[in-house]
Amino acid sequence: MPDKLRVRFAPSPSGYLHTGGARTALFNYLWAKGQGGSFILRVEDTDEERSTEESMRAIISGLQWLGLDWDEGPDPGEFGASIGPHAPYYQSMRRPLHQQYMQRLWDEDKVFYCPATAEEMTGSDGIKLLFSPYRDISREEQQKRLADGQVMPVRFRCPRDVDVRWEDAVRGEVKISSNEVGDFVLFKGNGAPLYNFVVVCDDIDMQITNVLRGEDHISNTPKQILLHRALGQEPPMFGHVPLIVGMDRQRLSKRHGATAVDAYEEMGVLPEAMVNFLALIGWAPGDDREKMTLAELKTAFDPTRCTKSAGAFNQDKLKHYNELYIRELSADELTERLRPFVPPIWFEHRGEDYARRVFVLQQEKISYLTEMEQNTWYFFRDPLEEDSNEKNVAKFLTGNADAKKVLGEIHDAMESLSDEQWAEERLTLIVEAFVESSGLGRGKVMQPWRVALTGDSISPGFYDLVVTLGRDTVLRRVEEWLKKL
RNA sequence: GGCCCUAUCGUCUAGUGGCCUAGGACGCCGCCCUCUCAAGGCGGAAACACGGGUUCGAGUCCCGUUAGGGCUGCCA
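End of the first sequence sits at 486 in the numbering used here; the numbers just go up one at a time, nothing left out.
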């Protein structure tokens with residue numbers, strides 16, 4: 002393709018950005034940017050009944066979160082404003098253009114005002130008619146009815162018996178008979194333009210070269226191709242990607258849990274994990290690569306490699322990608338990403354460095370950012386009796402005959418250490434000496450300590466725990482238990 | 001109902017007539033490591049929906065069946 006690709010993502014702001022839409026946006030972005038083209042965001046808000054500003058804001062922030070920056074489209078900084086040579090990018094603001102194209106179709110007699118009632122558009126079998134019985138009504142008659150104040154929709158006079166074909170970027174040649182299309186409506190009786198017409202006007206005006214969308218749009222494609230031709234334009238290249246379904250192969254819905262991307266953001270999913278995961282539903286690079294960054298995806302993406310069957314949203318896999326990306330974060334990055342997910346006071350408790358050290362200790366153990374808080378709280382607060390796991394307290398402390406000795410002897414030895422000596426090397430000497438003299442296994446020694454220090458039997462490695470908590474905290478917590486045993 | 005689409009392990013997929021006794025990943029199971037939990041390492045179970053063709057040869061091409069899905073709006 003000699004000309005630069007111009008690809009658009011055109012969501013209708015009637016809900017949140019769901020995972021299917023996010024993936025469509027991603028594929029469009031990858032296709033455009035991989036070819037050095039432009040990624041355009043256009044708001045399909047022709048249905049004023051259902052479009053909301055709130056929804057548009059959610060979609061914009063969802064795309065931004067994923068890192069899918071658009072070259073032209075709504076100004077993310079100012080709602081309603083647009084950036085780009087074909088502004089505005091809100092369809093509802095492009096009425097003059099739509100009127101202009103409508104005028105052309107009218108002048109060339111390619112559309113007609115349809116006076117058919119609902120009954121007249123219904124066949125004897127009760128099924129909707131595709132072609133209007135008034136499609137050949139004279140212009141004089143149309144104008145007369147208009148003059149009489151009759152409210153009529155404008156329909157496209159669809160040619161009969163022609164095959165509409167296109168080379169679909171993902172499914173190859175597709176052919177649909179115009180007899181399956183019919184005289185579809187362009188303008189409602191109240192004068193409001195409809196989707197199929199507006200899309201074509203805007204795609205022409207914005208010089209869109211490639212359209213990649215969900216396969217639920219396949220039946221719209223012949224309508225749009227017919228309209229492009231009626232307007233004397235070569236249609237863009239179309240591609241239709243399969244839908245994303247739930248693990249039960251049903252269309253994604255609330256039943257399947259979170260469907261909005263911002264819900265995953267709140268869940269502590271990293272955008273790079275989400276992007277990677279989404280990219281591999283319905284597409285694969287062809288080699289065995291699985292973990293790919295947005296940049297890598299850009300260069301590898303090829304719509305002809307898209308799958309033709311629906312892919313299921315497997316949250317276990319998303320979780321896996323999230324673990325992968327969390328693990329490779331630097332200490333600083335990890336801390337910044339975690340900031341919205343833990344109490345602000347944690348950073349003041351003993352300072353940023355302390356918080357960072359704690360987070361790194363658990364970095365490899367969490368699947369979602371939201372899990373950090375529940376895994377590290379005891380680094381920021383002494384575990385109270387009620388914070389502690391009752392069963393483990395009973396097993397390793399209160400119901401353990403060796404507990405007093407294990408805690409006491411090691412405590413006394415540790416107490417002789419200065420803050421400077423409080424490091425893994427010296428601590429190891431103490432613990433190992435006790436292990437040897439007592440004849441108890443390391444597990445029998447370390448578990449009571451772990452429960453005393455954290456309230457539970459699960460924690461980072463013993464020395465990491467003791468060193469990070471520090472001398473004062475460790476001794477204080479153990480002394481508390483010594484009093485009770 | 002009509003029109004259209006799809007069909008490889010539970011899931012995401014590789015596979016474009018011989019390289020396939022079907023590869024990778026998630027999940028699952030086992031073992032190793034080990035102070036707990038993870039991580040990591042090693043290994044394992046697990047699929048070409050079914051039936052006909054075409055061909056020397058079919059997961060790969062064709063037809064049918066079955067099963068899913070989409071569309072069928074004066075929504076997008």
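The beta-carbon is built from N, C-alpha and C at its ideal position, and this holds for glycine as well.
Bridge partner(s) assigned by DSSP for residue i
i, result
"Asp149", "Asp149 pairs with nothing; no bridge assigned."
"Ile177", "Val165"
"Arg9", "Ile41"
"Tyr114", "Val155"
"Phe188", "Val155 and Pro194"
"Lys129", "Thr123"
"Gly312", "Ile245"
"Cys307", "Trp284"
"Ala261", "His19"
"Pro86", "None; Pro86 has no bridge partner."
"Tyr91", "Val44"
"Glu481", "Answer by DSSP bridge pairing: none, since Glu481 is not bridged."
Whole-number beta carbon distance between residue j and residue i, since they are thought to touch under 8 Å
i, j, result
"Leu335", "Gln364", "6 Å"
"Val201", "His229", "6 Å"
"Asp137", "Phe157", "So it is not a contact: roughly 14 Å between Cβ atoms."
"Lys292", "Asn277", "6 Å"
"Ala311", "Pro243", "5 Å"
"Ala274", "Asn323", "4 Å"
"Gln151", "Pro116", "6 Å"
"Asp383", "Arg451", "Not quite, the Cβ-Cβ distance comes to about 15 Å (not below 8 Å), so this is no contact."
"Arg95", "Pro89", "6 Å"
"Ser62", "Pro14", "About 12 Å; that fails the 8 Å criterion."
"Ile367", "Ile327", "6 Å"
"Cys159", "Leu227", "7 Å"
"Leu385", "Ala453", "With a Cβ gap of about 13 Å, Leu385 and Ala453 do not count as contacting."
Exposure label - residue i; buried when at least 16 CB within 10 Å
i, result
"Gln65", "exposed"
"Lys224", "buried"
"Lys34", "buried"
"Asp204", "buried"
"Glu391", "exposed"
"Asn191", "exposed"
"Glu45", "buried"
"Leu18", "buried"
"Pro154", "buried"
"Leu428", "buried"
"Thr118", "exposed"
"Pro449", "buried"
"Met1", "Examination of residue 1 is not possible in this model, given that the chain is present from 2 through 486 alone."
"Arg256", "exposed"
"Thr294", "exposed"
"Phe80", "exposed"
"Leu408", "buried"
"His350", "exposed"
Residue i: first and last residue of the uninterrupted beta strand (DSSP E) it sits in
i, result
"His350", "That residue, His350, is in no beta strand (DSSP E); its alpha helix (DSSP H) goes Trp347 to His350."
"Arg214", "Asn211 to Gly215"
"Phe239", "Met238 to Val242"
Residue range of the unbroken alpha helix (DSSP H) whose run includes residue i
i, result
"Gln525", "Residue numbering for the chain in the displayed model covers 2 to 486; residue 525 lies beyond these limits and cannot be assessed."
"Gly81", "Per DSSP, Gly81 belongs to no alpha helix (DSSP H) and is neither H nor E."
"Ile411", "Ala404 to Glu416"
"Trp450", "Arg443 to Thr455"
"Met293", "Where Met293 is concerned, there is no enclosing alpha helix (DSSP H), given that its DSSP letter is neither H nor E."
"Tyr464", "Phe463 to Leu470"
"Arg96", "Arg96 to Asp108"
"Met268", "No alpha helix (DSSP H) holds Met268; DSSP gives it neither H nor E."
"Thr377", "Glu372 to Thr377"
"Arg338", "Ala332 to Leu339"
"Ala59", "Glu54 to Leu67"
"Gly35", "Thr20 to Gly35"
"Arg381", "According to the sequence shown, residue 381 is Phe rather than Arg. First-last for Phe381: undefined, no H or E at that position."
"Val432", "Glu425 to Ser439"
"His229", "Thr222 to Ala231"
"Asn393", "Glu391 to Val394"
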